[in-house]
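Read through the structure below, which is laid out as structure tokens, and then see the notes.
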């Protein structure tokens with residue numbers, strides 16, 4: 021008799037557990053969690069730098085990006101006569117590494133008024149690098165404008 025009582029109690033526990041699990045499996049709603057998409061802050065800070073570049077050389081400038089926001093970089097002027105008309109220099113943006121700048125994005129740029137590099141970046145320290153790619157016939161001075169948040 022005790023054995024039969026234990027068997028019925030075990031059966032009741034198993035059936036109760038199965039009913040509980042079946043109630044949870046099909047009709048439960050799954051909540052999804054989404055992270056908000058960050059909104060880029062408008063660029064409000066203008067920084068200019070100017071520096072000489074030798075034939076085959078490069079120069080970089082580091083700056084702090086305070087908030088997730090927009091960035092534009094313009095190679096605005098090259099003076100000194102070492103860059104022939106129609107020739108370009110490499111203009112890149114990246115992260116500083118010791119005494120260098122490792123560009124993550126690089127374009128060929130001729131001096132002008134329109135931004136050659138644009139993007140949206142998170143907070144941190146970034147750098148702009150200008151490099152001679154074989155176009156210089158003599159030393160020049162480059163002027164770069166970067167506009168960021």
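Residue numbers (my numbering): 21 to 169. Just so it is clear, CB atoms sit at the ideal spot from N, CA and C, and this is done for glycine as well. Model, not experiment: these values are computed from the prediction.
CB-CB length for residue 58 against residue 88, believed under 8 Å: Start at 1 with the first residue of the chain shown, and residue 58 comes out as number 38. Start at 1 with the first residue of the chain shown, and residue 88 comes out as number 68. Beta-carbon to beta-carbon, residue 58 and residue 88 are separated by about 5 Å, close enough to satisfy the 8 Å threshold.
Residue 128 and residue 110 look like a contact to me (Cβ under 8 Å); what is the Cβ gap, rounded to whole Å? Here residue 128 refers to the residue found at position 108 when the chain shown is read from its first residue. Here residue 110 refers to the residue found at position 90 when the chain shown is read from its first residue. In this structure residue 128 touches residue 110 by the C-beta definition: roughly 6 Å separates them, less than 8 Å.
Looking only at DSSP bridge pairs, what is residue 139 linked to? In the chain shown, residue 139 corresponds to position 119, counting from 1. Bridge partners of residue 139: 91.
Boundaries (first-last residue) of the beta strand (DSSP E) holding residue 110: Within the chain shown, numbered from 1, the residue matching residue 110 stands at position 90. Note, residue 110: beta strand (DSSP E), 109-117.
Can you tell me which of 138, 146, 101 puts its alpha carbon nearest to the alpha carbon of residue 72? Residue numbering aside, residue 72 sits at position 52 when the chain shown is read from its first letter. Of the candidates 138, 146, 101, the one whose C-alpha sits nearest the C-alpha of residue 72 is 101.
Which term fits residue 136, buried or exposed, when burial requires 16 or more other beta carbons within 10 angstroms of its beta carbon? Here the question's residue 136 lines up with position 116 in the chain shown. Result: buried.
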